[in-house]
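Reminder that position 212 of the sequence shown reads as 212 in full-length UniProt numbering, one-by-one numbering, no gaps. Single-structure report; data block below.
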Amino acid sequence: MNRAAVVAGIGSCLPARSVSNAELTTRLDTTDEWIRSRTGISTRRYADQGSATSDLAVGAGAQALKSAGQTSVDVVVVATTTPDRPCPGTAPLVASQLGMTGVAAFDVAAVCTGFLYGLANAAGLIAAGTASSALVIGAETFSSILNPDDRATSVIFGDGAGAVVLRAGDPEEAGALGPCDLGSDGEGQDLITVRAGGSRQRLSGKAPEPGDEYFSMAGKEVFWRAVRRMTESCRAVLDATGTAIGEVDALVGHQANQRILASLADSLGLPRERCLGNLAEVGNTAAASIPLALDHAHANGELRAGQRVLLTAFGGGLTWGSTVLTWPVLSRA
Ligand code: UT7
C-alpha cells in the first residue's frame, strides 16, 4: 500500500500589532477605499522590531503539535521568504526551540507558494519512508522587507505563521494529501523580487541601489499570471484525482487579492462563496497565507470535517502549486 501524508494537526500565530488601512493613510498616499476595493484588505499584523520569523513559526508549530497530540516529528520544514538570517536556514532553530534538536530540518524558498512546496516535500519524505511524520510551517515577517515608501506593496503584505502536522497514513483516509501540482517560470523572476543582498547584487561593504534592499512587485503584470497559473494548476489536481469542480466544497487560495480569488473561482466555475480566507484581517502573508487561512476557517467552523478542499497558490519565482484533500477531524490546540 502507498503511504500518504495525512493532516493530523493545525495551528497558527499572529503578532499582536494590528495595522489598519487608516494607519497606513497617515504615512502613504493611499486611502482606505482604494485598499479595500482593489485588494479586499482591511488590516494586517506587523511583528515588533526584535521579533523574527522563527518566533512566529515556533508559535504556530507548537499549536499544530498540540492539536496533533504530538511532542515531536521526524522532519521540520519552514517555508519562508523572510528567514531570520540569510544563512543558516530558520528550520533548525525552530525545531530546537520546539524541543526537537536532532530531527531533520530545512527551509523552502518558493515565496507565496512555499507552503505548498513544503507540503509536497514533506509528503514525498513520508511516501519514501524517510520520515513518518512532519511539521510543515509557513512563516513570514514580511514587514522586515517592505519598502516603507512603496504604497503598492506596503498596503498588501503582513506578518504571521501557520502550520500543519503530517503523519503517515492511508491514501483513502480523510486528511490524506492528494497529488500536488507544482510549477515555475524563472523568466518572471524580476516581477516579484528583492534585488540586493544575494550573490547577483552583493552587499559586501556597499550600499545597495536605492530601494533594492526591499521587496518589490509588478502587481499588474503578476495579477493575470496568478489567475491563469492557479486555474491550470487546480485543474491539473482535479483531473489527477477525478474530482469534478462541483464536488469542491472549499477553495483556500493564496490570500493575495480578493479580486484574484474571485477571478480564479469564476474561471474554475466555482461559486465565489466557496472561497474561504482571511485576507481582510491579515493581508497577504506570503508563505504563511494558506495554513493561516486554513487554521482560521477551521477555528470559525467554515471548514468542516468531510469537506473536499482545494488548495492553490502563486508567487515569486514565479512559482505555483495546488493540492486537494478531504478535511479531517482535527482538535484545536
Ligand atoms: O503574493 C504573490 C502574488 N502577488 C499577487 O498575486 C498580487 C497581484 N497584484 C495585485 O494584487 C494588484 O495588481 C495590486 C493590488 C498590487 C494593484 O492593484 P491594481 O488594480 O492592479 O492597480 P494598478 O497597479 O493597476 O494601479 C492602479 C492605480 C495606479 O495609478 P494610475 O497609474 O492609474 O494613476 C497606481 O499608481 O492605483 C495606483 N496605486 C494606488 N493608489 C492608492 C497603486 N497602489 C496604490 C495605493 N493607493 N496603495
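Glycine residues also receive a C-beta, built at the ideal position from the N, C-alpha and C atoms.
Can you name, in chain order, every residue of its own chain whose Cβ lies under 7 Å from the Cβ of A280, other than the five neighbours on each side? G40, I41 and S42
Top-ranked residue by Cα proximity to S20, from L182, F157 and C275: F157
Practice item. Determine the closest residue to A293 out of A305, L311, G306 and Q307, with distance taken between C-alpha atoms. Key: L311
Where does R332 fall in DSSP's three states? coil
Considering only DSSP beta bridges, list what C234 is partnered with. None; C234 has no bridge partner.
Using the three-state DSSP reduction, which class does E140 fall into: helix, strand or coil?
strand
If contact is defined by three or more beta carbon pairs under 8 Å, each pair taking one atom from either stretch, is the stretch 91-109 in contact with the stretch 50-58? yes
Practice task
Leaving aside the five residues before and after P92 along the sequence, list all residues of the same chain whose C-beta is less than 7 Å from its C-beta, in chain order.
Solution key: A105
| said: For the ligand UT7, is there any heavy atom lying closer than 7 Å to the beta carbon of M217? | reply: Within the cutoff, so yes.
(Q) Within 10 Å of its beta-carbon, does W224 have 16 or more other beta-carbons around it, so buried, or fewer, so exposed? (A) exposed
Note the first and the last residue of the continuous beta strand (DSSP E) segment covering D181.
-> D181 to S184
Mark Q189 as exposed unless 16 or more other C-beta atoms lie within 10 angstroms of its C-beta, in which case mark it buried. Label assigned to Q189: exposed.
Original post:
What residues in its chain sit with their C-beta under 8 Å from that of E173, if we drop five residues either side in the sequence?
Top reply: A4, V6 and P328
Compute every distance between the C-beta of V155 and the non-hydrogen atoms of the ligand UT7, then say whether any falls below 7 Å.
-> Yes, Cβ of V155 sits closer than 7 Å to a heavy atom of the ligand UT7.
Based on the DSSP output, what are the partners of S216 in its beta bridges?
-> In the DSSP output, where bridge partners are listed per residue, S216 has T193.
Report task. Could you tell me the boundaries of the alpha helix (DSSP H) in which V94 lies? Result -> A91 to Q97
Note to self: Using the Cβ count rule (16 or more neighbours within 10 Å means buried), how would you classify G102?
What the structure shows: exposed
key: Neighbour-count burial assignment, P2, 16 or more Cβ in a 10 Å radius   = Looking at the sequence itself, residue 2 is Asn, so the reference to Pro does not match. The residue is exposed, with fewer than 16 neighbouring Cβ atoms inside 10 Å.
Is L325 helix, strand or coil when you go by DSSP? strand
Is C275 near the ligand UT7, in the sense that its beta carbon is under 7 Å from a heavy atom of that ligand? Look at C275: its beta carbon is at least 7 Å from all of the heavy atoms in the ligand UT7.
Is it the case that the CB of A287 approaches a heavy atom of the ligand UT7 more closely than 7 Å? No.
Quick one: what does DSSP say D239 is sitting in, helix, strand or coil?
helix
Give the DSSP bridge partners of G169, in chain order. A4
Problem set entry | In chain order, each beta strand (DSSP E) run of at least 3 residues that lies wholly inside the stretch 6-86 | Secondary structure within the stretch 6-86: the beta strand (DSSP E) runs of 3 or more consecutive residues, fully enclosed, are 17-20, 43-46 and 75-79 (chain order).
Would you kindly work out how many angstroms separate the C-alpha atoms of S12 and R45, rounded to a whole number?
13 Å
G315 Cβ short of 7 Å to the ligand ADP heavy atom set:
This structure simply doesn't include the ligand ADP; it includes the ligand UT7 instead.
Requested in this report: Just the C-alpha distance for T298 and V78, rounded to the nearest angstrom, thanks.
Outcome: Note on identity: in this sequence residue 298 is His, with Thr being the wrong assignment. The alpha-carbon atoms of H298 and V78 are separated by roughly 21 Å.
Would you say the beta carbon of residue 336 comes nearer than 7 Å to a heavy atom of the ligand UT7? Here the chain covers residues 1 to 333 and nothing more, so residue 336 does not appear.
Exercise for review: Express the C-alpha separation of D170 and V155 in angstroms, rounding to a whole number.
Suggested key: 43 Å
Within 10 angstroms of its Cβ, does P86 collect 16 or more other Cβ (buried), or is it exposed? For P86, the number of other beta carbons within 10 angstroms of its own is below 16, and it is reported as exposed.
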